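Asker: Here it is: the structure, laid out below.
Numbering (our numbering), first residue to last: -5 to 199.
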């Protein structure tokens, strides 16, 4: 019984330090009316629930990482299979994007985009800032138009959420260099070139 009382006393000290949060969300008046054994049982049940929640979060994190690895491998394969005219590499420089509620200068960034896919592109303020704002945008290429959008599901032709570079295959082969801009989203200089095929792809090398 002394053991149970000690545990209950320690739990009450912890609860007092943290405010009026009791195990399992039990109201204060109900908690104070419970016995020492009931306190211990509630604490043990709460601990089991906390461990289960931690395990679910860890499993979710592992699943997200596995999906990210799968997507990267799929994109690498698509890049290796891309025919001439289906893949562009670009450099975005002298650029600003909306971060933290206002337009801020960002570091130059490279894009490698294959027709029929989208590439996630991280934009961030230059190093050396006390607090570096960052965001992720999504780039797509359809053979003529390179678009960069705020969201993977954004419509590239909708004003305000995407910027676009339009050119022919000849333009991209020569190297297309344009000043792009959407006032409340992204502006800067974008240069894109067609990427020659890495190799002739064969499913049975």
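Glycine is no exception: its CB is placed at the ideal position from the N, C-alpha and C atoms.
Keep in mind that this is a model prediction, so the values were computed, not measured.
For the 8 angstroms Cβ check, are there 3 or more pairs between the segment 81 to 88 and the segment 51 to 69?
Answerer: No, because fewer than three Cβ pairs between the segment 81 to 88 and the segment 51 to 69 fall closer than 8 angstroms, the two stretches do not touch.
Asker: Using 8 angstroms for Cβ pairs, my map puts residue 108 next to residue 56. What's the rounded Cβ distance?
Answerer: About 27 angstroms; that fails the 8 angstroms criterion.
Asker: For residue 19, which three-state DSSP category applies?
Answerer: Reduced to three states, the DSSP call for residue 19 is helix.
Asker: Please report the distance separating the alpha-carbon of residue 39 from that of residue 18.
Answerer: Between residue 39 and residue 18, the C-alpha separation is close to 8 angstroms.
Asker: When you compare each of 96, 178, 147 and 106 to residue 184 by their alpha carbons, which one comes out closest?
Answerer: Measuring from the Cα of residue 184, the nearest candidate turns out to be 106.
Asker: Please list the terminal residues of the continuous alpha helix (DSSP H) segment that includes residue 48.
Answerer: 30 to 75 is the extent of the alpha helix (DSSP H) around residue 48.
Asker: Given 8 angstroms as the limit, is there contact between the segment 55 to 71 and the segment 135 to 150, that is, 3 or more CB pairs closer than that?
Answerer: With the cut-off at 8 angstroms, the segment 55 to 71 and the segment 135 to 150 do not touch.
Asker: Where residue 174 and residue 37 are concerned, what is the direct C-alpha to C-alpha distance, given to the nearest angstrom?
Answerer: Cα-Cα distance, rounded: 59 angstroms.
Asker: Per DSSP, what kind of secondary structure is residue 174 in: helix, strand or coil?
Answerer: In the structure shown, residue 174 sits in a strand (DSSP, three-state: E or B).
Asker: Can you tell which of 110, 95, 114 and 112 has the C-alpha that lies nearest to the C-alpha of residue 127?
Answerer: Answer by Cα proximity: 95.
Asker: Report the residue from 119, 123 and 41 whose alpha carbon sits nearest the alpha carbon of residue 129.
Answerer: Comparing Cα positions, the closest option is 119.
Asker: For residue 11, which three-state DSSP category applies?
Answerer: Residue confidence for residue 11 is low, a pLDDT of 47 falling below 50, so the modelled location carries little weight and cannot support an answer.
Asker: Return yes when the Cβ of residue 169 is within less than 7 angstroms of the Cβ of residue 187, no when it is not.
Answerer: Yes; because the gap between Cβ atoms is below 7 angstroms, this pair is in contact.
Asker: Could you compute how far the alpha carbon of residue 75 sits from the alpha carbon of residue 125?
Answerer: Approximately 40 angstroms, taken between the alpha carbons.
Asker: What are the boundary residues of the alpha helix (DSSP H) that includes residue 165?
Answerer: Note, residue 165: alpha helix (DSSP H), 163 to 168.
Asker: Answer yes or no: do residue 146 and residue 133 have a C-beta to C-beta separation smaller than 7 angstroms?
Answerer: Taking 7 angstroms as the Cβ cut-off, residue 146 and residue 133 do not qualify as a contacting pair.
Asker: Quick one: what does DSSP say residue 90 is sitting in, helix, strand or coil?
Answerer: DSSP places residue 90 in strand when its eight states are reduced to three.
Asker: Verify whether the separation of the beta carbon atoms of residue 159 and residue 172 is less than 7 angstroms.
Answerer: Yes, these two residues count as a Cβ contact at 7 angstroms.
Asker: Short check: CB of residue 157 to CB of residue 180, under 7 angstroms?
Answerer: A contact, by the Cβ cut-off of 7 angstroms.
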